[in-house]
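Heads up: the sequence shown is residues -19 to -1, 1 to 546, going by mature numbering (1 follows the signal peptide of the UniProt record, and there is no 0). Where is the CB? At the ideal position from N, CA and C, for every residue including glycine.
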Amino acid sequence: MRTASIATSSLLAISSVYALPEISIGKRDAGLQQSPAAKGAVAKKLAKRQSGTLQTTVYDILDYSYGGAYYANITVGTPPQNQVVIVDTGSSDLYLDASSAPACNGPETAYSCRGGTFDRNSSNTLKIVEPAPAFNTSFGDGSTAVGPFATDEVCVGSVCVSNVQFGIAEEVNSTSGFAVGLLGLGYSENEATNTIYPNLPEVLKNAGVISSRLYSVFLNDFAAISGSILFGGIDTSRFSGALATLDFLPSARSGVVDAFITTVTAASVTVGGTSTKLFSGGHNSVQAYQSSDPALPVLLDTGSTAWSVDESIYNQYFAKPFSWVDDQGLCSCSHQNDDTSITLEFGLKVNITIPIREFVVPIYNASTNTAIPYGNNQGDACAFLISPSESTGQGFQPMGDAILRSMYVVFDLDNGQVSLAQASLNSSTRSNVVSVGAGPSGVASALRSASSTVSYLPASTSQTYSIAPYVTGAGSFATSSAATPVGTATGSRAVPFDAQVSVSAMGIVSAAPASAATATASAPSGSASKSSAAATGTVVRGASGVVWVLGVVVCSVLLGGALIL
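What follows is the structure, given as structure tokens:
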């Protein structure tokens, strides 16, 4: 679920510097270049996957949307067209921006298409299954997308699947940054159509790639550029402490488990080693929806940046310990270095600690690539990503990347449950992936097979509420192996060229530039005009949010909002 996470008024004050001088002006079709390895037909070999899992990289982009977001690289069509999509657990459709959409043509603006567009006429395997406006969706930030539904081949990681349904946004309106395609991973029940169809988790299960509608999300921390999403399995190297399973709450409106809702049942803030309780108690049940209950229902939403809380809750619990945040949700970036953290208890069962650097994020002037000063002699400006918000009217508020980065999250759609643990950020431990089988004991069995040292806290009971149904669809899904796996690059090499900081725009010359060929092959998304500038160095994220290019520090680029780095 896309939501605007920063105070709108503070963003508007910066919007006049939203221009990107290093981005070429022109039709967005030229904005996404296929890597040489991606061109041509995909090798058609049966993809019999013994492991029962599929993994791809997710990465945060500095300058596509207000506050940043996490993205993945996929290909769609025959021959394959490279696409960048937002990874969104708060919605359910896969959609791509059409090359014919007005927002994807003409002069570059703050809301133009980015991450590539899809040309339906250039794929010889595409079929229109419902004409426009069959796909018609809107988001929490006011963005909209309208068009037909189609089916085509979609490649994720090392696997390509035929007959995958998705929307083609022939009309797209973004209100919080560039228009980018989206990969919705929620329950199909919430798709933007009257005729429910299998979305990606169900397609992968139907095709036999994975055994259950389950995937694990590891975003990694603020200083890292990339994390991963693992379909059908769990990587025990990505978390520390116990992995605890909780039942999702049913929707307050439908009474059915059709969204990823859980509860925050306690919160404390630690400053300089001294911990202060903010609140505790309440229920990990539908009673949490009652205004008198202390627990806070939250939607675990990778498509949101901030943790939004009702304004009254913010004023009661967060305003005092973070009194240095102003009325616009901004503060001095010096607070990134505070010895401060928040600990949240989920479902009366598992504690997650979030260091302050994850939710105090720098903002920059996009036209000059320089930090925006905060007040008089107070350093640079940062956005505070715990955001007071109006009620959604649904009984919950979205909890976005500012919190999710510190969590390892296993979304189990089949069983209506979520498993949470403290993320092992930037761990050098060797990956240990285990596949999760079908059935209510799938997670427990997988962890037992992984290691006797993995600590697991199962749910006290199986989900008692109805779960949104598993959709199989009328068609069949054939799988093949991608000739070149999609989305396997990590770190800066996963990021599209047009989202990387341009060294030449800074007037800085790297002493040891990486080759353009290397950058092009590893970051397949970017305009031809951008690639030579962006490929002058390997971009690495610094702990305090700056970008280093082979040892030379440069400023990050922001399009009028806070950066998630």
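Counterpart residues of residue i in DSSP-defined beta bridges
| i | result |
| --- | --- |
| isoleucine 414 | Here the sequence assigns valine to residue 414, which means isoleucine is not the residue at that position. In DSSP, valine 414 forms a bridge with Asp216. |
| isoleucine 67 | Tyr52, Leu163 |
| asparagine 154 | Thr125 |
| glutamine 403 | Ser221, Met388 |
| serine 261 | Ala247 |
| glutamine 146 | Thr132 |
| cysteine 312 | Cys363 |
| proline 369 | Val290 |
| cysteine 94 | Ala160 |
| glutamate 326 | Ala247, Asn332 |
| alanine 300 | DSSP output for alanine 300 lists no bridge partner at all. |
| valine 190 | Answer is none; valine 190 lacks a bridge partner. |
| phenylalanine 203 | Looking at the DSSP assignment, phenylalanine 203 forms no beta bridge with any residue, so it has no partner. |
| proline 62 | A quick correction: the sequence has glutamine, not proline, at residue 62. Looking at the DSSP assignment, glutamine 62 forms a beta bridge with Val57. |
| glutamine 398 | Asp228, Asp393 |
| cysteine 85 | None, per the DSSP bridge assignment. |
| tyrosine 446 | According to DSSP, which records beta bridges pairwise, tyrosine 446 is partnered with nothing at all. |
| threonine 321 | Val252 |
| glutamine 378 | Val279 |
| glycine 138 | Val467 |
| proline 354 | Asp361 |
| glycine 208 | Val39 |
Residue range of the unbroken beta strand (DSSP E) whose run includes residue i
| i | result |
| --- | --- |
| valine 252 | 242 to 252 |
| valine 341 | 341 to 343 |
| lysine 108 | 108 to 119 |
| serine 461 | 460 to 467 |
| valine 452 | Note, valine 452: premise wrong, no beta strand (DSSP E); not H, not E. |
| threonine 38 | 35 to 42 |
| valine 279 | 277 to 281 |
| aspartate 78 | 75 to 78 |
Delimiting residues of the alpha helix (DSSP H) encompassing residue i
| i | result |
| --- | --- |
| lysine 186 | 181 to 187 |
| leucine 385 | 382 to 385 |
| serine 426 | 423 to 431 |
Proximity below 8 Å, CB of residue i to CB of residue j
| i | j | result |
| --- | --- | --- |
| aspartate 133 | leucine 107 | yes |
| isoleucine 333 | threonine 324 | yes |
| phenylalanine 203 | glutamate 339 | yes |
| aspartate 216 | asparagine 413 | yes |
| serine 104 | valine 417 | no |
| valine 65 | valine 137 | no |
| glycine 222 | glutamine 403 | yes |
| alanine 261 | alanine 240 | The question names alanine, but residue 261 in the sequence shown is serine. No; because the gap between Cβ atoms is not below 8 Å, this pair is not in contact. |
| glycine 71 | proline 379 | yes |
| phenylalanine 120 | valine 57 | no |
| isoleucine 210 | tyrosine 196 | yes |
| alanine 126 | alanine 150 | yes |
| leucine 75 | leucine 181 | yes |
| alanine 470 | tyrosine 168 | no |
| valine 110 | alanine 79 | no |
| valine 290 | tyrosine 446 | no |
Other residues of its chain near residue i: CB distance less than 8 Å, five sequence neighbours each side excluded
| i | result |
| --- | --- |
| alanine 475 | Thr38, Tyr40, Asn54, Ile206, Ser207, Gly468, Ser503, Ala504 |
| proline 83 | Glu152 |
| serine 256 | Ser249, Val250, Thr324 |
| serine 405 | Ser218, Arg219, Phe220, Ser221, Tyr389 |
| serine 387 | Asp202, Ile333, Thr334, Ile335, Pro336, Glu339, Gln403, Ala404, Leu406 |
| alanine 427 | Gly214, Ile215, Val415, Ser416, Val417, Gly418 |
| threonine 410 | Ser218 |
Same chain, Cβ closer than 7 Å to residue i, neighbours up to 5 away in sequence not counted
| i | result |
| --- | --- |
| alanine 28 | Per-residue confidence for alanine 28 stands at a pLDDT of 33, beneath the threshold of 50, marking its modelled position as unreliable; the derived number appears in the next sentence. Val140, Thr460, Ser461, Ser462, listed in sequence order. |
| asparagine 407 | Asn201, Asp202, Ala205 |
| residue 568 | The chain is shown only over -19 to 546; residue 568 falls outside these bounds and no answer can be derived. |
| valine 23 | Because the pLDDT of valine 23 is 32, which lies under 50, any placement of that residue in the model is unreliable, and the question is left without a value. |
| proline 278 | Leu230, Ile242, Thr244, Ala269, Tyr270, Gly376, Phe377 |
| leucine 259 | Ala248, Ser249, Val250, Tyr298 |
| arginine 194 | Pro182, Glu183, Lys186, Leu394, Asp395, Tyr451 |
Contacting residues, own chain, Cβ-Cβ under 6 Å from residue i (five flanking each side not counted)
| i | result |
| --- | --- |
| cysteine 314 | Pro343, Gly360, Asp361, Cys363 |
| cysteine 312 | Trp305, Val306, Cys363, Phe365 |
| arginine 95 | Tyr45, Phe159, Val161 |
| proline 439 | Thr226, Ala425 |
| cysteine 85 | Arg9, Asp78, Cys94, Thr98 |
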